[in-house]
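Student:
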Amino acid sequence: MIPLIAGVFLATLALGFPVAFCLGLSALAALWMLDVPLSLIAQRMFTGIDSFPLMAVPLFVLAGELMNRGGTTIRLVGFANALVGRIRGGLAHTNIVASMFLGGISGSAVADASAIGTVLVPGMVRAGYDKAFSAALTAASSTMGPIIPPSIFMVIMGVTTGLSIGALFAAGIIPGLLIGFSMMGLSYVMALRRGYPRVEEPFTAAFLWDHFKKAGPALVAPLIILGGILGGVFTPTEAAAVALFYALLLGLFVYRELDWAGIRQVFVDGAVTTAVLLLIIAMANVFSWVLTAEQIPNRIAAMLLGLTENPYLILLLINLFLLFVGMFLEGGAAIIILAPTLLAVAQGVGIHPLHFGFVMVFNIVVGLLTPPLGVCLFVVCGVTGLPLPQVTRAVLPFLALEIGILLLVTYAPAIVLWIPQLLGYA
Amino acid sequence: MERLSRILDRASAALSRFAERLLILLGVAMSAVVILQVFFRFVVYVPFPWSEELARYLMIWMGLVGSFVALRRGRHIGVNSLVECLPPPLRRLTSIGLHLALIAFLALIAREGLNLALFNAAQKSPAMMIPMFYPYLAIPVGAALMIVELLAGLLRVFSPAAPRPGEGEAA
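Top to bottom, those sequences are chains G and V.
No gaps in the numbering here: position 106 of the first sequence is 106 in my numbering, and each next residue is one more.
No gaps in the numbering here: position 22 of the second sequence is 448 in my numbering, and each next residue is one more.
And the structure:
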């Protein structure tokens, strides 16, 4: 059965089928062989997306789009530039810091990549930055979106495995900042070698204060979201709805860049973005039924544990496996299909479940940068018009950096668990 | 053939305009329900018994109707890099195969989804006590909408003169 499922999945994927349908069709092939009533498909699709915690996904997507269209992104970029524009390679650092801010508002790397890509990449190219570098940096920095809370992948991880979404959010804070600062270090070295410019105007406190005042109301959003969830005031779904409401007020009354036409556009675009994810989740739920019916998860688990019971080696094997899977499978689907099994294996050898859940999310996020299915690469290719291979080459240094940090968070659990433990989650 | 293609194109376009309005309605209603849930719990101290259920069903409809609009806009993510390397005749052949396979699969989903909705028509939802027919109906409706767009897309493959609207995104 494994060759059949894998064969149909990879063949349809290679032929350009949307990922959701690759999952659905390979599950269908297996259901035929198993002679199971096909009503199961509709049933599992429905139950896969019939979830209140999962609703944090559309609400965070909508909140992010409202913020973006309401004029938030421009102001965050302005503030980031006032903060770090004077470092060598200023716009690269601006890109990274703006992505960190956006990461605290939106939970989606794709949204961040397209927002920052549209606003910042043309300016970077005009200022003399290599176009492929600018595109690759945007894709790479956008991966902080789902690491720095909130995070769509963490919501899906929580819904699938029962891990606390709030605890996962808390776990992402330090690693997210770590990505940002190390990416700034790498960009600094690259900027020195390539002679990239910096902002030459002298730094004044008044200038910084001015930009801070403009960005301030937007910077309150992450505090509401995180504070509300970690303080136990809201569930993640409710926090997302409150963030959406705040974004609406901000766009209507503070920045005043939202009108009715803009709001309509946000709700259509947000629904489309959400639907793409929901269809994948629905189909992944059918797919995972097939795997379970065939006891494939148990066999994977037995195989892994047969190789070794050393937790360090298990973590290494799982990471390598997930990096490979991340090249072909969309992240949310990978979590739904694999997280329960792999989490059980990890817990079996004594790995902290929250630590493992976070490592898996991190790994899935790295998969956003690896072709052939590298969703963030697709976004920046769309924004810049560059071909995928060129951007892929330019993203390699950043990819190496992220894999390095992946190893770090894998083998230094304290980085991940410290804040959740402070908050009493773990 | 040309005429049929035009008719289907128009049908799909009209359905998509309607679907976009529906998505706005669903999204606004879903958000409002969750915001009100928070408001009522903290300010009025009266929780809604049915808000979560209503919001969930609205989200399911959003997912299925949104999938249709996403299909029209070419937004469902997939790997196109390999197909783009093929010579044009083979590419067309692949595209025809893809459309036919998806139409067949979605027809199956529409049938099974409709059966599911009819089978559960008498069952009432736990909180709102509405027939489960309505939430389940999202699946056949979404699948049927996608089939219309795929049929239009299939005929477009045969008349390559007409570029499809809303396509061209990389993802």
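Where is the CB? At the ideal position from N, CA and C, for every residue including glycine.
1) With a Cβ-Cβ cutoff of 8 Å, do LEU304 of chain G and ASN363 of chain G count as a contact?
2) For GLY500 of chain V, tell me which candidate among V:ASN546, V:ALA564, V:ARG517, V:GLU575 has the shortest Cα-Cα distance.
3) Within 8 Å of any Cβ in chain G, is that where the Cβ of HIS502 of chain V sits?
4) Per the contact definition of three or more C-beta pairs closer than 8 Å, is the region 186-199 of chain G in contact with the region 128-146 of chain G?
5) Within 8 Å (strictly less), CB to CB, does VAL469 of chain V reach chain G?
6) Is the separation between the beta-carbon of VAL359 of chain G and that of VAL409 of chain G shorter than 8 Å?
7) Should PRO413 of chain G go down as buried or exposed, given a rule of 16 or more other Cβ atoms within 10 Å for buried?
8) State the beta-bridge partners of LYS673 of chain V as determined by DSSP.
9) Are the C-beta atoms of VAL505 of chain V and some chain G residue less than 8 Å apart?
10) Can you tell me where the alpha helix (DSSP H) with ILE105 of chain G in it begins and where it stops?
11) Starting from TYR471 of chain V and walking both ways along the alpha helix (DSSP H), at which residues does that stretch end?
12) Of the residues that make up the region 541-553 of chain V, which ones have a beta carbon closer than 7 Å to any beta carbon in chain G?
13) In or out: THR308 of chain G buried (at least 16 other Cβ within 10 Å) or exposed?
14) Would the region 220-230 of chain G count as touching the region 161-171 of chain G if we require 3 or more Cβ pairs under 8 Å?
15) Taking GLU238 of chain G as the reference, give the member of G:ASP112, G:MET55, G:ALA42, G:LEU343 with the closest Cα.
16) Hey, is MET488 of chain V's beta-carbon within less than 8 Å of any beta-carbon in chain G?
17) Tell me the residue span of the alpha helix (DSSP H) that contains VAL242 of chain G.
18) If you run the structure through DSSP and keep just helix, strand and coil, what is GLY500 of chain V?
19) Express the C-alpha separation of ALA240 of chain G and ILE74 of chain G in angstroms, rounding to a whole number.
20) On the criterion of 16 or more Cβ atoms from any shown chain inside 10 Å, does GLN295 of chain G qualify as buried, or is it exposed?
21) How would you call TYR471 of chain V, buried or exposed, if buried means at least 16 neighbouring beta carbons within 10 angstroms?
22) Any idea what DSSP makes of THR340 of chain G, helix, strand or coil?
23) By the three-class DSSP mapping on this structure, what secondary structure does PRO389 of chain G have?
24) In the DSSP assignment, the alpha helix (DSSP H) including GLY172 of chain G goes from what residue to what residue?
25) Taking a cut of 8 Å between CB atoms, which residues from the region 447-458 of chain V lie near chain G?
26) Name the residue from G:GLY251, G:LEU23, G:LEU368, G:ALA333 whose alpha carbon lies nearest to the alpha carbon of LEU266 of chain G.
27) Within this structure, are the beta carbons of PRO311 of chain G and THR341 of chain G separated by less than 8 Å?
28) Assign TYR411 of chain G to one of two classes, buried (16 or more other C-beta atoms within 10 Å of its C-beta) or exposed (fewer than that).
29) Measure the alpha-carbon distance for ILE415 of chain G versus ALA284 of chain G and round it to whole angstroms.
30) For ARG44 of chain G, count neighbouring Cβ atoms within 10 angstroms of its own Cβ and tell me buried if that reaches 16, exposed if not.
31) Can you name the residues of chain V whose CB is closer than 9 Å to the CB of SER51 of chain G?
32) Hey, is ILE41 of chain G's beta-carbon within less than 8 Å of any beta-carbon in chain V?
33) Is there at least one Cβ from chain V nearer than 8 Å to PHE234 of chain G's Cβ?
34) Measuring from the CB of SER438 of chain V, is there a heavy atom of the ligand NAD at a distance below 7 Å?
35) In three-state DSSP terms, what is PRO150 of chain G?
36) Within the same chain, show all residues whose beta-carbon is closer than 7 Å to that of GLY64 of chain G, passing over the 5 residues directly before and after it, in chain order.
Tutor: Quick look at the numbers:
1) Mapped onto the first sequence, residue 304 of chain G falls at position 304. Mapped onto the first sequence, residue 363 of chain G falls at position 363. Taking 8 Å as the Cβ cut-off, LEU304 of chain G and ASN363 of chain G do not qualify as a contacting pair.
2) If you number the second sequence from 1, residue 500 of chain V lands on position 74. Of the listed residues, the one whose Cα sits closest to GLY500 of chain V is V:GLU575.
3) Your numbering for residue 502 of chain V matches position 76 in the second sequence. Closer than 8 Å to some Cβ of chain G, the Cβ of HIS502 of chain V qualifies, so yes.
4) yes
5) Counted from its first residue, the second sequence places residue 469 of chain V at position 43. Not closer than 8 Å to any Cβ of chain G, the Cβ of VAL469 of chain V fails to qualify, so no.
6) For the purposes of this step, residue 359 of chain G is identified with residue 359 of the first sequence, where counting begins at 1. For the purposes of this step, residue 409 of chain G is identified with residue 409 of the first sequence, where counting begins at 1. In this structure, VAL409 of chain G lies closer than 8 Å to VAL359 of chain G by Cβ.
7) Position 413 of the first sequence, counted from the first residue, corresponds to residue 413 of chain G. Buried, by the Cβ-count rule.
8) Residue 673 of chain V is absent from the structure shown; chain V starts at 427 and stops at 597.
9) On the second sequence, position 79 is the one that residue 505 of chain V refers to. Yes, VAL505 of chain V counts as interfacial toward chain G.
10) What you label residue 105 of chain G is simply residue 105 of the first sequence in a count that begins at 1. It is not in any alpha helix (DSSP H) - ILE105 of chain G carries neither H nor E in the DSSP assignment.
11) To locate residue 471 of chain V, count along the second sequence from 1; it is residue 45. Premise fails: TYR471 of chain V is in no alpha helix (DSSP H) and is neither H nor E.
12) ASN541, LEU542
13) By 1-based counting over the first sequence, the position of residue 308 of chain G is 308. Exposed, by the Cβ-count rule.
14) In this structure the region 220-230 of chain G touches the region 161-171 of chain G; the number of beta carbon pairs closer than 8 Å is three or more.
15) On the first sequence, residue 238 of chain G is found 238 positions in, with the first residue counted as 1. Checking every option, the nearest Cα to that of GLU238 of chain G belongs to G:MET55.
16) As a position in the second sequence, residue 488 of chain V is number 62, starting the count at 1. Output row for MET488 of chain V: interface = yes.
17) Taking the first sequence and counting its residues from 1, the one referred to as residue 242 of chain G is at position 242. Start and end: 236-249.
18) Within the second sequence, residue 500 of chain V is the residue found at index 74, counting from 1. Looking at GLY500 of chain V - three-state DSSP - the assignment turns out to be coil, as it is neither helix nor strand.
19) Reading the first sequence from its first residue, position 74 is the one you call residue 74 of chain G. Reading the first sequence from its first residue, position 240 is the one you call residue 240 of chain G. Straight-line measurement puts the Cα of ALA240 of chain G at about 22 Å from the Cα of ILE74 of chain G.
20) Stepping through the first sequence from its first residue, residue 295 of chain G is reached at position 295. Classification for GLN295 of chain G: exposed.
21) Taking the first residue of the second sequence as 1, we reach residue 471 of chain V at position 45. Exposed, because fewer than 16 other Cβ atoms sit within 10 Å of the Cβ of TYR471 of chain V.
22) Residue 340 of chain G sits at position 340 when you count from the first residue of the first sequence. According to the sequence shown, residue 340 of chain G is Pro rather than Thr. Helix at PRO340 of chain G.
23) Taking the first sequence and counting its residues from 1, one reaches residue 389 of chain G at position 389. Helix.
24) Here residue 172 of chain G is taken as the residue at index 172 of the first sequence, counted from 1. Here the alpha helix (DSSP H) through GLY172 of chain G covers 165-194.
25) LEU449, ILE450, LEU452, GLY453, VAL454, MET456, SER457
26) Taking the first sequence and counting its residues from 1, the one referred to as residue 266 of chain G is at position 266. Residue 266 of chain G is actually Val in this sequence, not Leu. It is G:GLY251 whose Cα lies nearest to the Cα of VAL266 of chain G.
27) On the first sequence, position 311 is the one that residue 311 of chain G refers to. On the first sequence, position 341 is the one that residue 341 of chain G refers to. No, these two residues do not count as a Cβ contact at 8 Å.
28) As a first step, residue 411 of chain G is located in the first sequence; it is residue number 411 there, counting from the start. So TYR411 of chain G counts as exposed.
29) Taking the first residue of the first sequence as position 1, residue 415 of chain G is located at position 415. Taking the first residue of the first sequence as position 1, residue 284 of chain G is located at position 284. About 31 Å.
30) Counting from 1 along the first sequence, the entry for residue 44 of chain G is found at position 44. It counts as buried.
31) Residue numbering aside, residue 51 of chain G sits at position 51 when the first sequence is read from its first letter. Contact note: SER51 of chain G reaches chain V through ARG482, MET485, using a C-beta cutoff of 9 Å and chain order.
32) By 1-based counting over the first sequence, the position of residue 41 of chain G is 41. Taking Cβ atoms only, chain V reaches closer than 8 Å to ILE41 of chain G, which makes this a yes.
33) Indexing the first sequence from 1 puts residue 234 of chain G at position 234. So yes, PHE234 of chain G belongs to the interface.
34) Only the bare structure without any ligand can be found here, which leaves the ligand NAD out of the picture.
35) Counting from 1 along the first sequence, the entry for residue 150 of chain G is found at position 150. Coil at PRO150 of chain G, not helix or strand.
36) For the purposes of this step, residue 64 of chain G is taken as residue 64 along the first sequence, with counting starting at 1. Once the five neighbours on either side are set aside, the close Cβ partners of GLY64 of chain G are ILE105, SER106, SER108, ALA111.
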